[in-house]
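Working notes, beginning with the structure itself.
Residue numbers (my numbering), protein chains in the order written: chain A, 3 to 632; chain B, 267 to 441.
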């Protein structure tokens, strides 16, 4: 039984770390797989699982069985141990190497063993652990594997096998400390010689510096050692260890109480009063160690023959026990109304959930604060409380998702309205008409231009009189040719004169051609630019027109369906949440009953002792009075 | 007769107690599996919501995203990344130890997602970290890129340069 308590006590400390599955880089920059890997390793298991679901949905290939291991790991991280177990069993049922490579297989067996260990199923954990081939495990997991194997072998009474595993743990690993702690506990159970037990405790203390929280862990080891030595009647060794526990740690009350008892055993009554007064003054009476101190102090006072003081202390203890009993009763009532657990849930960090996220137990200004810390930090209670916290977080996630869906709905509405406006404006048809008219103008202009500029001699740009002149020039030229049958000197002179006149006209026309062509080209460029702009506007309007409907079409339906699913899910979750709250409440209620019973026992002892002391002190008075009379 | 009656009644009581206990135990186990089922359903639902959000808020025509990836670089431990898009700060991220480890193990982080108009753009990434000796390292990488009417993905890539035994920083475009 002691084993069970210590091991579970260690579990939350040990398993606060990340689960580290196989490495595998994203194939061809697959963003979904890459993000899944990132979320998994950074402890965001819900996101990792979401990405994993998407990868499966999209049927991505090339990842082999890695996705299965990732899924199981994320499920373990989220406290979905039954799902993870199914996944691992399925993975491991096929013994073909090609189906699951040896490193992945070793890792899967390891996680399976860890899952059973966390659940307290020692036999299953050990048989899974024995199937792990340690040589295939990645370095990060090797020490943890040997630690778990050590613990399980010790628990099953196989110390020789456990020793082999302990020797394989690297001394600078944090797992070595936990392994030695468990070995020490095992020695105490197996009546091993006291010097060996002390040596193991000292070894654990030496290795403590390799852990994340060395102070807290060394306090714990010292307390364990102190309690062990006190229980075996070695007061001096107990005192040595208990004195090393810090005065402001989680283990202070228990250490002060045991320290006082160890001193009492050494007949150092005066010295024993000091730690107990310290405990009584600095800690709440709801602490069970303080409650024991309340009757331990008058017991010591009686030993010191300060009977009247002892009587007063017993009376004070009786009053305190009444008060404690009442307070515990009120806590039980608050459990029924939800006043006890709801404020605790309300203060949890949103989106931080899963098996490795500790529940924040600080509840300032709440009447159940002390009690909460005391009872809820116990290892065997953590699982249920974490489940309740997870349900609470999921509930707030569902609620905020429904708010988001409302916002999405509004976005879709806004887009629908935008679309209607675009449609009303008929921007596209307007641009289309403009563009068509511009294009027809351009076409006409181009036809005319082509006609006018067909002949580069500029004849196309001649005026009517100039055209007549050109015709007459041709006629004159013909007439001159006819005259050439009778050659004379005058003929050449006519030809020259005609060429000169014709040349002057053609020069004018050519000048005009180039001038006009320049102007027309400029105009044409302006028109072309206008067409380009209109075309651009047309295309933009066309784009807006085609994009806008897609911005909301289909989304409304999806949003509505999703909202309904969320509503159903929330109703389902609410039901389970209250069932789980009831479950947590019933566990706490049983604990409260036990505490009340213990307080009643103390009170009975205090009352009996007070009555006896009252009787003794009164008799003394009577004897003194009688002697005086005589 | 009385004895038989009392025996029978105590037997009935015992059986009913046993039954109620087994029903209670089954209920408890059922509740645990119901919680697990709920977790799975909520995660799937949230994934659907996330899909919807991406499609609605970041349509394929304007969607733009930046990712961060890092090889197992022995000489560099990333601390933060700050992104500026077209001379405007858009996002920054400070890394926790486990996130650094996640990047080293091949994870890819989507650091920014938004909408971007088609055209030419400019991305600047300011990466801060520490080297093996704990000295601060600050690097700036820039990229000019064009955005068409389709999704655009860029990656801030930190890789190991084995020749110089130091990290290389770059912005890579996903095709």
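All C-beta atoms, glycine included, are put in the ideal place defined by N, C-alpha and C.
Keep in mind that this is a model prediction, so the values were computed, not measured.
Local conformation of residue i per DSSP, three classes
i	result
residue 377 of chain B	strand
residue 323 of chain A	helix
residue 226 of chain A	helix
residue 306 of chain B	helix
residue 426 of chain B	strand
residue 612 of chain A	helix
residue 599 of chain A	helix
residue 333 of chain A	helix
residue 112 of chain A	helix
residue 345 of chain B	strand
residue 268 of chain A	coil
residue 77 of chain A	helix
residue 213 of chain A	coil
residue 133 of chain A	coil
residue 285 of chain A	coil
residue 317 of chain B	helix
residue 125 of chain A	helix
residue 531 of chain A	helix
residue 253 of chain A	coil
residue 20 of chain A	With a pLDDT of only 34 at residue 20 of chain A, under the threshold of 50, the placement of this residue in the model should not be trusted; the figure read from the coordinates follows. Residue state, collapsed to three classes: coil.
residue 48 of chain A	helix
residue 360 of chain A	coil
residue 351 of chain A	coil
residue 572 of chain A	helix
residue 204 of chain A	helix
residue 117 of chain A	helix
residue 555 of chain A	coil
residue 518 of chain A	helix
Beta-carbon proximity check, residue i vs residue j, cutoff 8 Å
i	j	result
residue 336 of chain A	residue 370 of chain A	yes
residue 351 of chain B	residue 386 of chain B	no
residue 297 of chain A	residue 608 of chain A	yes
residue 147 of chain A	residue 118 of chain A	no
residue 2 of chain A	residue 156 of chain A	With chain A running from 3 to 632 in the structure shown, residue 2 of chain A is simply not present.
residue 446 of chain B	residue 332 of chain B	It is not possible to answer for residue 446 of chain B, since the shown part of chain B is limited to 267 through 441.
residue 152 of chain A	residue 168 of chain A	yes
residue 370 of chain B	residue 336 of chain B	yes
residue 179 of chain A	residue 212 of chain A	yes
residue 227 of chain A	residue 243 of chain A	yes
residue 202 of chain A	residue 182 of chain A	yes
residue 565 of chain A	residue 447 of chain A	no
residue 557 of chain A	residue 322 of chain B	yes
residue 339 of chain B	residue 428 of chain B	no
residue 381 of chain B	residue 416 of chain B	no
residue 190 of chain A	residue 230 of chain A	yes
Supposed close pair residue i, residue j - CB separation, criterion 8 Å
i	j	result
residue 460 of chain A	residue 523 of chain A	With a Cβ gap of about 16 Å, residue 460 of chain A and residue 523 of chain A do not count as contacting.
residue 345 of chain B	residue 40 of chain A	The Cβ separation is near 17 Å, so there is no contact.
residue 392 of chain A	residue 396 of chain B	So it is not a contact: roughly 36 Å between Cβ atoms.
residue 387 of chain A	residue 615 of chain A	Wrong, their Cβ atoms sit about 43 Å apart, outside the cutoff.
residue 342 of chain B	residue 403 of chain B	6 Å
residue 89 of chain A	residue 51 of chain A	Not a contact, Cβ separation roughly 11 Å.
residue 127 of chain A	residue 110 of chain A	Going by Cβ atoms, the distance from residue 127 of chain A to residue 110 of chain A rounds to 14 Å, so no, they are not a contact pair.
residue 471 of chain A	residue 500 of chain A	Contact flag wrong, Cβ pair sits at about 11 Å.
residue 373 of chain B	residue 36 of chain A	6 Å
Endpoints, the beta strand (DSSP E) within which residue i is located
i	result
residue 440 of chain B	432-440
residue 336 of chain B	329-336
Boundaries of the alpha helix (DSSP H) in which residue i is found, first to last residue
i	result
residue 189 of chain A	176-191
residue 36 of chain A	33-43
residue 237 of chain A	237-245
residue 157 of chain A	141-157
residue 297 of chain A	290-305
residue 93 of chain A	83-95
residue 345 of chain A	344-348
residue 160 of chain A	Unbroken run through residue 160 of chain A: none, as it is neither H nor E.
Within chain E, the residues that residue i reaches when beta carbons sit closer than 7 Å
i	result
residue 560 of chain A	No chain E is present in this structure, whose protein chains are A and B.
I'd like the ranges of any alpha helix (DSSP H) spanning at least 4 consecutive residues and lying wholly in the segment 366-437 of chain A.
371-378, 381-427
Which runs of the alpha helix (DSSP H) fall wholly inside the segment 456-514 of chain A and span at least 4 residues, in chain order?
466-485
Complete alpha helix (DSSP H) runs within the segment 348-421 of chain B (minimum length 4 residues, chain order):
363-370
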